[in-house]
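Some notes on the structure that comes next.
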Amino acid sequence: MGNSLRCCLACMLPCGALDVVRVVHLSGHVDEFTCPLTAGDVLAAHPNHALTAPWSGGGAGGASRKIVIVSPDSELKRGRIYFLIPSACSAPAAEKMRSRR
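Put into structure tokens, the structure is as follows:
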């Protein structure tokens, strides 16, 4: 059973998918890290950004739209994908949002 599971995973996962931490930028660029690092390490290189991870607490429908902001002290786990997003809207964009209401 163990061998067939390994074979199945090898077919479905790209080589090394579980050995790296992936950080996806808003532009679509993906950084891959092989060494242990914290969210703070990533955020230090990208000021005014937040690091998020998909929420893994499945719901009844199976699909969830929740995201989790990762604490700067948190160690990023290999095999997981994290998303780097701007932490705040610019003032002109915020004004546009308010004027639409």
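Read in full-length UniProt numbering, the sequence shown has 11 at position 11, and its numbers run on one by one without any break.
C-beta: ideal position from N, C-alpha, C; glycine also.
Checking the DSSP bridge columns, you'll see V42 has no partner listed.
Judged by their CB atoms, I67 and W55 are nearer to each other than the 8 Å cut-off. Non-local C-beta neighbours of A53 in its own chain, meaning closer than 6 Å and more than five positions away in sequence, comprise V68, V70 and Y82, ordered along the chain. The residues V21, R22 and A53, in chain order, have a CB closer than 8 Å to that of R80 in the same chain once the five nearest residues on each side in sequence are set aside. When the Cα atoms are used, E75 and A45 turn out to be separated by approximately 16 Å.
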